[in-house]
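One point on numbering: in UniProt numbering, the residue at position 62 of the sequence shown is 62, and numbering is uninterrupted.
All C-beta atoms, glycine included, are put in the ideal place defined by N, C-alpha and C.
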Amino acid sequence: MASIPVDERTKARIRELCEEIEAETGRAVSERSVVARVVEREFATREALVDSFREESAAPVDDDVEGLSDEEIERFFAGTSDWGVDTADDDIDAVLYEDEALSEFDTE
Numbered sequence: 001m002a003s004i005p006v007d008e009r010t011k012a013r014i015r016e017l018c019e020e021i022e023a024e025t026g027r028a029v030s031e032r033s034v035v036a037r038v039v040e041r042e043f044a045t046r047e048a049l050v051d052s053f054r055e056e057s058a059a060p061v062d063d064d065v066e067g068l069s070d071e072e073i074e075r076f077f078a079g080t081s082d083w084g085v086d087t088a089d090d091d092i093d094a095v096l097y098e099d100e101a102l103s104e105f106d107t108e
């Protein structure tokens with residue numbers, strides 16, 4: 001990982017942001033995560049940056065839809081449907097981990 005030299009004033013401001021985020025959210029954050037967040041996203045205010053960490057710690061992130069628009073999420077879920085078949089966890093595990101499909105539709 002490359003490092004970027006910063007002056008003492010900038011380093012102190014990053015530390016201040018970390019302390020403010022920790023005080024507001026109760027969540028310890030690294031200087032690296034704060035800098036990454038600032039670079040990856042645009043924040044109108046300092047408060048918006050702090051809130052972004054608060055929101056992250058308040059609710060778990062659903063990685064399948066994070067960053068998608070409502071329309072994209074709707075399109076994603078439009079492809080799913082209830083087939084009327086109850087599937088047990090063991091059946092799913094068998095398909096995923098044993099390379100066998102345990103299905104009531106198999107004919108032998």
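Taking the Cβ atom as the reference point for each residue, do E31 and V50 lie within a distance shorter than 7 angstroms? Going by beta carbons, E31 and V50 fall outside the 7 angstroms limit.
Using the three-state DSSP reduction, which class does E31 fall into: helix, strand or coil? Three-state result, E31: helix.
Quick check: the Cα distance between E16 and E8, rounded to an integer number of angstroms? In this structure, the straight-line span from the alpha carbon of E16 to that of E8 is close to 12 angstroms.
Go ahead and label V39 buried or exposed: buried means 16 or more other beta carbons lie within 10 angstroms of its beta carbon, across all protein chains shown. Exposed, by the Cβ-count rule.
Assigned secondary structure, L68 (DSSP; H/G/I helix, E/B strand, else coil): In this structure, L68 counts as coil in the three-state DSSP scheme.
Cutting at 7 angstroms between CB atoms, please list the residues of its own chain near V35, excluding the five before and the five after it. The beta carbon of V35 sits closer than 7 angstroms to the beta carbons of I14 from its chain, once the five residues preceding and following it are set aside; these are given in chain order.
Run through DSSP, which three-state label would S81 get? The answer is coil: DSSP assigns S81 none of H, G, I, E or B.
What did DSSP end up calling I14 once you bin it into helix, strand or coil? DSSP places I14 in helix when its eight states are reduced to three.
Do you know offhand how far A28's Cα is from G67's? Rounded to whole angstroms, A28 to G67 spans 24 angstroms at the Cα level.
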